[in-house]
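Shown next, in structure tokens, is the structure this report addresses.
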Amino acid sequence: MARQEFAADGRRERSRGQRAARALERLREFLHLEAAGGIVLMFAAGAALILANSPLGDLYVGFQQIPGQIQFGPLSIEKPLLLWVNDLWMAVFFFLVGLEIKREFLDGQLSSRTEVLLPALGALGGMAVPAAIYAALNWGDPQTLNGWAIPAATDIAFALGILALLGTRAPLSLKVLLTAIAIIDDLGAILIIAAFYTDQLSLTSLYLAGGAVLVLVAFNLLGVARVAAYVLVGAILWICVLKSGVHATLAGVITALTVPLAVRNEDGRSLLRRLEHDLHPWVAYLILPTFAFANAGVSFAGIGLEQVFQPVTLGIALGLVLGKQIGVFAPLWLAVRFGLAPMPKGATNIHLFGVALLCGVGFTMSLFIGGLAFEGSEYDAAVRIGVLGGSVLAALAGFLVLRFAPAKVEDDAPAL
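Under this note's numbering, think of the first position of the sequence shown as 68, with each following residue one higher.
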């Protein structure tokens with residue numbers, strides 16, 4: 068009997084070890100994709116800036132305004148290319164974000180209190196302090212104050228791309244911490260968009276959207292494992308949300324949250340994990356670079372110091388560079404200092420400060436929220452200059468701090 072119990076214990080230990088190894092492998096694959104995608108993102112943004120400030124600048128503007136239309140009987144959706152990218156392609160990006168958030172909270176780095184506390188504190192501080200800095204600089208103008216959430220976002224792909232350039236000087240646990248902060252940050256951005264950047268509502272479209280959500284929930288409860296079913300109803304939900312006045316990208320998040328983690332498809336893989344795995348390369352290497360290319364091209368013609376130091380530009384840049392390093396680092400340092408959460412394995416306070424700086428790389432999400440806050444207004448260039456300038460400064464500062472931080476202690480596990 069004792070021998071049988073010993074053998075059973077051994078099998079359980081091996082099973083736990085195998086699960087941990089699989090989880091670590093999935094994590095490494097995720098970080099590799101995000102980091103490589105971040106580097107592609109940098110090149111796309113750089114190409115847009117060069118093109119917009121070259122003799123081909125008019126061609127770039129024409130590219131943004133290429134018309135596109137979808138029509139099904141009386142239903143017609145007509146937008147320029149820039150808005151198709153921002154409304155439809157970014158809905159796919161938000162769908163992936165929703166999958167990542169659900170997996171992390173159910174079966175990932177955010178699935179227990181001890182694992183979620185440190186990144187949650189960093190993310191909350193990293194949203195509140197930049198927003199407060201921007202609001203303080205724009206308090207007297209209700210129109211510009213609407214952009215308070217622009218510096219509150221972190222671009223996970225861009226930030227991990229900077230970490231990738233550091234190679235082994237950045238502990239794996241540090242990359243996990245940055246990823247967790249950015250994921251919670253994305254969740255906060257989603258809630259902000261839903262609550263504060265919504266146009267006048269169409270109740271009919273909202274009722275139809277609610278019906279689509281009920282169908283998706285039924286799919287989840289019934290264990291439907293066919294991707295096509297979620298994609299079809301998700302597309303209907305996207306149209307309803309687009310017509311309702313709520314930003315259409317939220318349809319991607321809602322659809323993702325109904326995709327089951329435990330249900331397996333015909334090849335035995337979790338439906339949620341399969342979708343996340345299959346979508347990652349497309350988002351990292353096509354959707355986000357296209358968004359960057361379509362949105363980052365700002366012409367510097369006629370822009371002087373008065374434009375650089377106007378409240379919108381300054382509020383965004385200072386929010387990203389100064390607000391993020393204070394808002395993220397202070398809660399992280401206090402939590403570790405008072406024993407609320409352990410120091411990430413192989414990291415020091417200098418590493419935490421470097422991560423806080425990298426959280427100031429807002430880029431994709433900041434440009435996206437800026438487009439919602441000032442769509443079609445005179446502040447378009449100010450938003451882009453503030454986001455690009457602040458993100459570049461934060462990236463350089465974070466890179467230099469981590470480059471000259473103490474050599475990492477060898478760590479084989481992604482413990483926080």
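Ideal placement from N, C-alpha and C gives every residue a C-beta, glycine not left out.
Model, not experiment: these values are computed from the prediction.
For S337, the residue or residues it bridges with in DSSP: Position 270 of the sequence shown, counted from the first residue, corresponds to residue 337. Note: S337 sits in a beta bridge opposite R331.
Boundaries of the beta strand (DSSP E) in which F139 is found, first to last residue: Position 72 of the sequence shown, counted from the start, is the residue given in the question as residue 139. Here the beta strand (DSSP E) through F139 covers P134 to F139.
Contact belief for A247 with L177 at Cβ below 8 angstroms, rounded distance in angstroms: Numbered from 1 along the sequence shown, position 180 holds the residue referred to as residue 247. Numbered from 1 along the sequence shown, position 110 holds the residue referred to as residue 177. So it is a contact: roughly 6 angstroms between Cβ atoms.
Classification of W215 by the beta-carbon crowding that lies within 10 angstroms, buried from 16 upward: For the purposes of this step, residue 215 is identified with residue 148 of the sequence shown, where counting begins at 1. Buried, because 16 or more other Cβ atoms sit within 10 Å of the Cβ of W215.
8 angstroms contact criterion, which I383 and V454 should meet: CB distance rounded: Sequence index remark: in the sequence shown, residue 383 carries index 316 (1-based). Sequence index remark: in the sequence shown, residue 454 carries index 387 (1-based). 6 angstroms between Cβ atoms; contact.
Buried versus exposed call for V313 [16 or more other C-beta atoms within 10 Å across all chains shown]: Sequence index remark: in the sequence shown, residue 313 carries index 246 (1-based). By the neighbour-count rule (16 or more Cβ atoms within 10 Å), V313 is buried.
L204 to A397 span [Cα, whole Å]: If you number the sequence shown from 1, residue 204 lands on position 137. If you number the sequence shown from 1, residue 397 lands on position 330. Rounded to the nearest angstrom, the two C-alpha atoms are 22 angstroms apart.
Rounded C-alpha distance that separates F430 from Q377: As a working mapping, residue 430 is identified with position 363 in the sequence shown. As a working mapping, residue 377 is identified with position 310 in the sequence shown. Taking the straight line joining both Cα atoms gives about 19 angstroms.
Range of the contiguous beta strand (DSSP E) that encloses K412: Within the sequence shown, residue 412 is the residue found at index 345, counting from 1. K412 -> no beta strand (DSSP E), and no H or E assigned at all.
Same chain only: Cβ atoms within 7 angstroms of F367, ignoring 5 sequence neighbours per side: The residue labelled residue 367 in the question sits at position 300 within the sequence shown. Closer than 7 angstroms at Cβ, skipping near neighbours: N120.
Where P348 sits in the DSSP three-state scheme: Counting from 1 along the sequence shown, the entry for residue 348 is found at position 281. Here DSSP, grouped into helix, strand and coil, assigns P348 to helix.
Per-residue DSSP class, three states only, for P238: Working through the sequence shown from its first residue, we reach residue 238 at position 171. In this structure, P238 counts as coil in the three-state DSSP scheme.
Outcome for Y274 when other beta-carbon atoms lying within 10 angstroms are tallied against a minimum of 16: Residue numbering aside, residue 274 sits at position 207 when the sequence shown is read from its first letter. Exposed: under 16 other Cβ atoms inside 10 Å.
Own chain residues within Cβ distance below 6 angstroms of G193, not counting five before or after: As a first step, residue 193 must be located in the sequence shown, where it is residue number 126. For G193, where only same-chain residues beyond five positions count, the Cβ hits under 6 angstroms are K391, G394, V395 and C426.
Exposure of F405, with buried meaning 16 or more beta-carbon neighbours within 10 Å: If you number the sequence shown from 1, residue 405 lands on position 338. Exposed is the call here.
Proximity below 9 angstroms, CB of D491 to CB of M432: Outside the shown range of the chain (68 to 483) lies residue 491, about which nothing can therefore be said.
Cβ-based neighbour list, G364, same chain, cut-off 7 angstroms, excluding 5 preceding and 5 following: By 1-based counting over the sequence shown, the position of residue 364 is 297. Counting only Cβ-Cβ distances below 7 angstroms, and skipping sequence neighbours, we find A115, L116, L118, A119 and Y127.
Assumed close pair P218, P186 - CB separation to whole angstroms, cut-off 8 angstroms: Locating residue 218 in the sequence shown gives position 151, where the first residue counts as 1. Locating residue 186 in the sequence shown gives position 119, where the first residue counts as 1. No, P218 and P186 are not in contact; Cβ-Cβ is about 19 angstroms, not under 8 angstroms.
Environment of A423 [buried if 16+ CB atoms lie within 10 Å]: As a working mapping, residue 423 is identified with position 356 in the sequence shown. So A423 ends up on the buried side.
Nearest neighbour of Q131, chosen from G386, T357, A461 and L385 [CA to CA]: Position 64 of the sequence shown, counted from the first residue, corresponds to residue 131. Of G386, T357, A461 and L385, the residue nearest in Cα terms is T357.
Close Cβ partners of L346 (< 8 angstroms) along its chain, the five nearest in sequence each way excluded: By one-based count along the sequence shown, residue 346 stands at place 279. Excluding residues within five positions, the ones whose Cβ falls inside 8 angstroms are V159, F162, L163 and L166.
Runs of alpha helix (DSSP H) wholly within the segment 419-459 (minimum 4 residues, chain order): Whole alpha helix (DSSP H) segments, 4+ residues: 430-440.
Pick from L419, A448, V320 and L233 that is closest to G189, judged by C-alpha positions: Position 122 of the sequence shown holds residue 189. The option with the nearest alpha carbon to G189 is L419.
Opening and closing residue of the alpha helix (DSSP H) in which S272 lies: For this step, residue 272 is matched to residue 205 along the sequence shown. L270 to L289 is the extent of the alpha helix (DSSP H) around S272.
S178, DSSP secondary structure in three states: Position 111 of the sequence shown, counted from the first residue, corresponds to residue 178. Coil, per DSSP.
Meets three-Cβ-pair contact criterion under 8 angstroms: the segment 253-269 and the segment 302-322: yes
CB of S318 within 9 angstroms of CB of L304, strictly: Here residue 318 corresponds to residue number 251 of the sequence shown, with the count starting at 1. Here residue 304 corresponds to residue number 237 of the sequence shown, with the count starting at 1. The sequence given here has Ala at residue 318, not Ser. Yes, the Cβ-Cβ distance between A318 and L304 is below 9 angstroms.
For A111 and N362, the rounded distance between their alpha carbons: For this step, residue 362 is matched to residue 295 along the sequence shown. For this step, residue 111 is matched to residue 44 along the sequence shown. Looking at the two C-alpha atoms, the distance is approximately 10 angstroms.
Within 9 angstroms, strictly: CB atoms of L244 and A414: Translated into positions along the sequence shown, residue 244 becomes position 177. Translated into positions along the sequence shown, residue 414 becomes position 347. Their beta carbons are under 9 angstroms apart, which means L244 touches A414 by this criterion.
Extent of the continuous alpha helix (DSSP H) run through I303: The residue labelled residue 303 in the question sits at position 236 within the sequence shown. Per DSSP, I303 belongs to the alpha helix (DSSP H) from V294 to S311.
Classification of K475 by the beta-carbon crowding that lies within 10 angstroms, buried from 16 upward: Walking along the sequence shown from the start, residue 475 turns up at place 408. Low confidence applies here, because K475 scores a pLDDT of 49, under 50, leaving its location unreliable; read the following figure in that light. Buried: at least 16 other Cβ atoms inside 10 Å.
Proximity below 9 angstroms, CB of S458 to CB of D222: Counting from 1 along the sequence shown, the entry for residue 458 is found at position 391. Counting from 1 along the sequence shown, the entry for residue 222 is found at position 155. Result yes, Cβ atoms of S458 and D222 sit closer than 9 angstroms.
Classification of R180 by the beta-carbon crowding that lies within 10 angstroms, buried from 16 upward: The count along the sequence shown starts at 1 and reaches residue 180 at position 113. Under a 10 Å Cβ-count criterion, R180 is classified as exposed, with fewer than 16 other Cβ atoms of the shown protein chains found around its own Cβ.
Straight-line gap, V284 to R340 (C-alpha atoms, nearest Å): Taking the first residue of the sequence shown as 1, we reach residue 284 at position 217. Taking the first residue of the sequence shown as 1, we reach residue 340 at position 273. Rounded to whole angstroms, V284 to R340 spans 18 angstroms at the Cα level.
C-alpha distance - V403 paired with K412, whole-angstrom precision: Here residue 403 corresponds to residue number 336 of the sequence shown, with the count starting at 1. Here residue 412 corresponds to residue number 345 of the sequence shown, with the count starting at 1. Their Cα atoms are separated by approximately 12 angstroms.
Alpha carbon of A276 to alpha carbon of A256, nearest angstrom: As a working mapping, residue 276 is identified with position 209 in the sequence shown. As a working mapping, residue 256 is identified with position 189 in the sequence shown. If I take the Cα positions, the gap works out to 21 angstroms.
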